[in-house]
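A.B. asks: Per my numbering, residue 130 is the first one in the sequence shown, and the count goes up by one each step.
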Amino acid sequence: MAQTINIGIDLGTTNSAIAKFSKGKVDVFSNPTVHGKRTLPSVVGFKKNKIFVGDKAKEYWKKYPENVVAFFKRKMGTDEEFLIEDLQGSKTPVDLSAEVLKELKTFVRTGEVVDAAVITVPASFDTNQSQATENAAHQAGIQQVFLLQEPIAASIAYANQEKGVEFDEQKWLVYDLGGGTFDVALLEVGDEEMIVLGNKGNNFLGGADFDNLIVDYILIPSIEKQLGISGLLGEVKSKSSKYNSLYFKLLLKAEEAKIALSSMESYDLEIEEIEDDDGEEHDMELTITRSQFEELIQPYIDETIALIKSLLQTKSLSSSDLKFVLMVGGSTYIPYVRQRLEESLQIPVNLDVDPTTVVAEGAALFAATKPRKIEENSSKPSPSGLTLRMEYPHVSRDLEEFLEARVEGALEGLYYRILRADGGFDSGLKPLQREIEEDLPLVEQEQN
């Protein structure tokens, strides 16, 4: 068993991910049910005694929305519960988050049991929300939990890939526009630590809200026009309406269009089996343009920029005091978002990290610095043995690190020797002393 935790989890509002630090690098685990995908939709569905999590739950959502829950992270730390029709009962945000964590644990196919992890939370989370996250982890069988703020995790991942760069009290923004929430954090970064100087956000602003806009202002009006009906928007949002399941079907179509419009100027959607007032089913095609989409989301992007400026103002800073904006969250793939930030702030928009997995990667790097809890009896030395206490950074950006050790026990006639596994360093045999100090050369991108 590894001495450090090594597992990092991004428990997101709309998508989650799990990563592991091993042999000097971080691997984000793939979703075993969807080839090539490294994230899990934070969606949970119920069908009597069955539980669906992720992509399968999203598919189930189209037909049985009354048995599927999403966006429950927005309610963490509250007493709110979600009614599940098939269960004739309800589930809390903690219950639902635990199901996502259980599913993420199945991604880990390297043999170990995931009973310890670093889990990320927004910088804006209060004590109740953070405790709820920890409770969900325990419910999922993760007994040892460290919580890490998402902007810190993203910055750790970014800093780790910038080999040889000195961070001398730099300040930058982490602009995190995910599927369900928006957070902006101001960080001060030195060679030894990262500090969140302040943050602003909106827990109800994200890519899912953009999907709603597409449905409400493009898809529904187009369907009404083609079918010659009216009042469809009210109908699809009514739980008692025959059109209620259509709304969730359209939301998934809107998400499909939104993603496509990041690389295309227009996108043709096919929507099947839409009933008219007479019960007759129709298939139809709709075209959405990037300019239409940008016009819809403009007020929301304006709000994110206003929050940035407000944050800087509270710290008596201007954008010229910042090194760059680090982009995090799947919605930052939208070209309009990047364009507006560059125009408004006049500083570089940093695209060097994968915005969908960077938080999980940073969490795994942080996890590699956190020791696992060891059973009490396993660490006790035998009466005739030695106790060796060592201090060294488990993860480093440097090519040389300082090892300190303190030895307790009888030393007479004993020697020590430090060897690097690849044979590239050998301290030689030295008399054992109470205190040991060594400068150790490291191999880049490897476990030393």
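Virtual Cβ for every residue (Gly too), placed ideally from N, Cα, C.
I'd like the list of long-range same chain contacts for H411, defined as Cβ closer than 7 Å, with 5 residues on each side in sequence excluded.
C.D. replies: Position 282 of the sequence shown, counted from the start, is the residue given in the question as residue 411. Hits under 7 Å: L356, I403, D405.
A.B. asks: Exposed or buried, which one is K444 when buried takes at least 16 other CB atoms within 10 Å?
C.D. replies: What you label residue 444 is simply residue 315 of the sequence shown in a count that begins at 1. That one is exposed.
A.B. asks: Of the choices N264, I213, V318, L379, whose alpha-carbon is the least far from that of K300?
C.D. replies: For the purposes of this step, residue 300 is identified with residue 171 of the sequence shown, where counting begins at 1. Taking only the C-alpha atoms, the option nearest K300 is V318.
A.B. asks: Give me the Cβ distance between A246 and P280, rounded to the nearest whole Å; I'm assuming they're in contact under 8 Å.
C.D. replies: Counting from one through the sequence shown, the residue named residue 246 turns up at place 117. Counting from one through the sequence shown, the residue named residue 280 turns up at place 151. Incorrect: roughly 19 Å between the Cβ atoms, too far for contact.
A.B. asks: Quick one: what does DSSP say S391 is sitting in, helix, strand or coil?
C.D. replies: As a position in the sequence shown, residue 391 is number 262, starting the count at 1. S391: coil per DSSP, three-state reduction.
A.B. asks: Below 8 Å, can you find three or more Cβ-Cβ pairs linking the stretch 233 to 243 to the stretch 152 to 159?
C.D. replies: Because the criterion of three Cβ pairs below 8 Å is met, the stretch 233 to 243 and the stretch 152 to 159 touch.
A.B. asks: Quick one: which unbroken alpha helix (DSSP H) runs of 4-plus residues sit fully inside the stretch 247 to 332? Chain order, please.
C.D. replies: With a minimum length of 4 residues, the continuous alpha helix (DSSP H) runs that stay inside the stretch 247 to 332 are 256 to 268, 279 to 290.
A.B. asks: What residue does the alpha helix (DSSP H) around I565 start on, and which one ends it?
C.D. replies: Working through the sequence shown from its first residue, we reach residue 565 at position 436. Counting along the chain, I565 falls outside any alpha helix (DSSP H), though it belongs to the beta strand (DSSP E) covering 564 to 570.
A.B. asks: I388 to I565, Cα distance in whole Å?
C.D. replies: Sequence index remark: in the sequence shown, residue 388 carries index 259 (1-based). Sequence index remark: in the sequence shown, residue 565 carries index 436 (1-based). Rounded to whole angstroms, I388 to I565 spans 56 Å at the Cα level.
A.B. asks: Compute the Euclidean distance between the alpha carbons of A186 and S226, then round it to the nearest angstrom.
C.D. replies: What you label residue 186 is simply residue 57 of the sequence shown in a count that begins at 1. What you label residue 226 is simply residue 97 of the sequence shown in a count that begins at 1. Between A186 and S226, the C-alpha separation is close to 14 Å.
A.B. asks: Using C-beta distances below 6 Å, list every residue in its chain close to A199, excluding the 5 sequence neighbours before and after it, in chain order.
C.D. replies: Working through the sequence shown from its first residue, we reach residue 199 at position 70. Closer than 6 Å at Cβ, skipping near neighbours: V172.
A.B. asks: Candidates V454, E384, K231: which alpha carbon is nearest G308's?
C.D. replies: Your numbering for residue 308 matches position 179 in the sequence shown. When only C-alpha atoms are compared, the closest one is E384.
A.B. asks: Under a three-way DSSP split, which group does V487 fall into?
C.D. replies: Counting from 1 along the sequence shown, the entry for residue 487 is found at position 358. Helix.
A.B. asks: Secondary structure at S151, three-state DSSP: helix, strand or coil?
C.D. replies: On the sequence shown, position 22 is the one that residue 151 refers to. S151: strand per DSSP, three-state reduction.
A.B. asks: Give me the Cβ distance between L571 and E529, rounded to the nearest whole Å; I'm assuming they're in contact under 8 Å.
C.D. replies: Position 442 of the sequence shown, counting from 1, holds the residue named residue 571. Position 400 of the sequence shown, counting from 1, holds the residue named residue 529. With a Cβ gap of about 6 Å, L571 and E529 count as contacting.
A.B. asks: Please state if the CB of L455 and the CB of I476 are separated by a distance shorter than 8 Å.
C.D. replies: Residue numbering aside, residue 476 sits at position 347 when the sequence shown is read from its first letter. Residue numbering aside, residue 455 sits at position 326 when the sequence shown is read from its first letter. Not a contact, by the Cβ cut-off of 8 Å.
A.B. asks: In the structure shown, what three-state DSSP assignment does Y193 receive?
C.D. replies: Sequence index remark: in the sequence shown, residue 193 carries index 64 (1-based). In this structure, Y193 counts as coil in the three-state DSSP scheme.
A.B. asks: Since K231 is in the beta strand (DSSP E), which residue starts that stretch and which ends it?
C.D. replies: As a position in the sequence shown, residue 231 is number 102, starting the count at 1. No beta strand (DSSP E) contains K231, which is instead part of the alpha helix (DSSP H) from 222 to 234.
A.B. asks: Let's see if you can read the secondary structure: which residues bound the alpha helix (DSSP H) around F176?
C.D. replies: Taking the first residue of the sequence shown as 1, we reach residue 176 at position 47. Here residue 176 turns out to be Lys, not Phe, going by the sequence shown. Element bounds for K176: not the alpha helix (DSSP H) but the beta strand (DSSP E), 172 to 176.
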